[in-house]
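All remarks here apply to the structure that follows.
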Amino acid sequence: MDLKEALEDRLTEEELDSLVKSFEVIGDIAVIEVPEELEHRKELIGETLMELNSHIRTVLREVSGRKGQFRTRDYEFLAGDENTETLHKEHGCRFRLDPTEMYFSEREAKERERIVDQVEEKEVIMAMFAGVGPFPVRIAREKDVEKIYAVELNPEAYGYLEENIDLNNVEDKIVPIEGDVREVCSEYFGRCDRVIMPLPKGSDKFLGLAMKCLKDEGVINYYSWSEDEDLFKDSEKKVREVAAEEGKSVEIIDRRKVLPYAPGKWKICLDCLVENKDNKNKKRLVGVF
Ligand SMILES: C[S@@+](CC[C@H](N)C(=O)[O-])C[C@H]1O[C@@H](n2cnc3c(N)ncnc32)[C@H](O)[C@@H]1O
Numbered sequence: 007m008d009l010k011e012a013l014e015d016r017l018t019e020e021e022l023d024s025l026v027k028s029f030e031v032i033g034d035i036a037v038i039e040v041p042e043e044l045e046h047r048k049e050l051i052g053e054t055l056m057e058l059n060s061h062i063r064t065v066l067r068e069v070s071g072r073k074g075q076f077r078t079r080d081y082e083f084l085a086g087d088e089n090t091e092t093l094h095k096e097h098g099c100r101f102r103l104d105p106t107e108m109y110f111s112e113r114e115a116k117e118r119e120r121i122v123d124q125v126e127e128k129e130v131i132m133a134m135f136a137g138v139g140p141f142p143v144r145i146a147r148e149k150d151v152e153k154i155y156a157v158e159l160n161p162e163a164y165g166y167l168e169e170n171i172d173l174n175n176v177e178d179k180i181v182p183i184e185g186d187v188r189e190v191c192s193e194y195f196g197r198c199d200r201v202i203m204p205l206p207k208g209s210d211k212f213l214g215l216a217m218k219c220l221k222d223e224g225v226i227n228y229y230s231w232s233e234d235e236d237l238f239k240d241s242e243k244k245v246r247e248v249a250a251e252e253g254k255s256v257e258i259i260d261r262r263k264v265l266p267y268a269p270g271k272w273k274i275c276l277d278c279l280v281e282n283k284d285n286k287n288k289k290r291l292v293g294v295f
């Protein structure tokens, strides 16, 4: 039975029409949108959701969009236990986190899978904007990489990143770094085969930095937002402009819609093969594409 069916006798038809069909589950926490018109029904919705799903311990309502540097959002507690720390499992990895203090989206598991599949043996990876570690931990668990440098600015998220590295026994592969990529990345210039940039808002500001982290040739997984029209055009233009400034050439290997963000707006990813214009060490990391 789904939420709508369970509430059939308790909400009016109009109220049932306003009820959202899906909700996100992070560990044992359910996160649901409750529109304004159902304000007076919010506790009932939270409690019913718990009754229907025995593995849910807490129900939170999203009350803002993502905001600020840390990309967090505000939540309202609806039902269950008020402790918002949880343990989320994804593809054999475990992530401890608190969604009210840091970014995490279980809806991006498939995208993480796609990136893991691209990674080749012995890569050195710069995982910018690492959050609690879903990209670096999944890669380290599933691939024989040389090293992953995982950078995170939010101190709360960074604490969980360290904990998740231990929890998944990947201490030998991941180096966690607390700070702003603009301040900590110069040490890794020219050392990486891949840079992952999962910060769609304003990520263009960091493209030059990402390119500097690459060896003579490497891959950037560049996330951005886009409108329906000319979905990839502006982001591709930006990547090419920055590459030219950095004396690099760039080939866009893949373009993807990752998830819808708002009506007509998408989170997108460009996989970019970036190379120094005078690269004499061609090894073409393209076997995976
Ligand atoms: C969209 S979240 C992605 C987190 C994680 N990669 C994930 O997929 O769950 C972006 C992350 O980048 C961090 N961040 C934002 N600006 C940063 C900066 N200048 N340097 C390092 N981290 C930053 C935020 O705190 C946030 O955790």
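Position 216 of the sequence shown, counted from 1, bears residue number 222 in our numbering, the numbering being contiguous throughout.
Beta carbons are placed, not taken as given, at the ideal position from N, Cα and C, and that holds for glycine.
Would you mind reading off the limits of the beta strand (DSSP E) that contains residue i?
i	result
K48	Here K48 belongs to no beta strand (DSSP E); instead the alpha helix (DSSP H) covers K48 to L58.
F101	C99 to L103
P2	Any answer about residue 2 is impossible in this case: the structure gives the chain only from 7 up to 295.
Y81	Y81 to G86
Y155	K153 to E158
E148	First-last for E148: P140 to E148, but that is the alpha helix (DSSP H), not the beta strand (DSSP E).
R132	What sits at residue 132 in the sequence shown is Met, not Arg. Its beta strand (DSSP E) spans residues V130 to A133.
E193	Segment: none, E193 is in no beta strand (DSSP E) and carries neither H nor E.
Taking 7 Å as the cut-off, is the beta-carbon of residue i closer than that to any non-hydrogen atom of ligand 1?
i	result
R188	yes
Y155	no
E158	yes
F135	yes
R77	yes
P266	no
S111	yes
P140	yes
A163	yes
I114	Inspection of the sequence shows that residue 114 is occupied by Glu rather than by Ile. Yes, ligand 1 has a heavy atom inside 7 Å of this Cβ.
P204	yes
M108	yes
Please report whether the beta-carbon of residue i lies at a distance below 8 Å from any beta-carbon of chain C.
i	result
R72	No chain C is present in this structure, which holds just one protein chain.
By the three-class DSSP mapping on this structure, what secondary structure does residue i have?
i	result
P182	strand
D199	strand
M108	coil
E39	coil
S255	strand
A268	strand
I62	coil
R113	helix
K95	strand
D15	coil
V187	helix
F295	Since pLDDT at F295 reaches only 44, below the 50 mark, its modelled position is unreliable, and the value read off the structure follows with that caveat. Three-state DSSP puts F295 in coil, outside helix and strand.
K239	helix
M7	coil
R246	helix
K283	coil
K263	strand
May I ask which residues mark the beginning and end of the alpha helix (DSSP H) holding residue i?
i	result
D23	E19 to S24
L220	No alpha helix (DSSP H) holds L220; the beta strand (DSSP E) holding it covers L220 to E233.
E169	P161 to L173
Quick one: measure Cβ to Cβ for residue i and residue j, integer angstroms, because I've assumed they're closer than 8 Å.
i	j	result
G224	E251	In fact, because the Cβ distance is near 17 Å, the residues do not count as touching under 8 Å.
Y228	M203	5 Å
V37	E68	6 Å
I180	A156	5 Å
A249	S255	6 Å
K263	D210	Actually they do not touch by this definition, with Cβ atoms about 18 Å apart.
T90	I35	7 Å
K128	V143	Rounded, the Cβ-Cβ distance is 18 Å, inconsistent with contact.
L159	G185	6 Å
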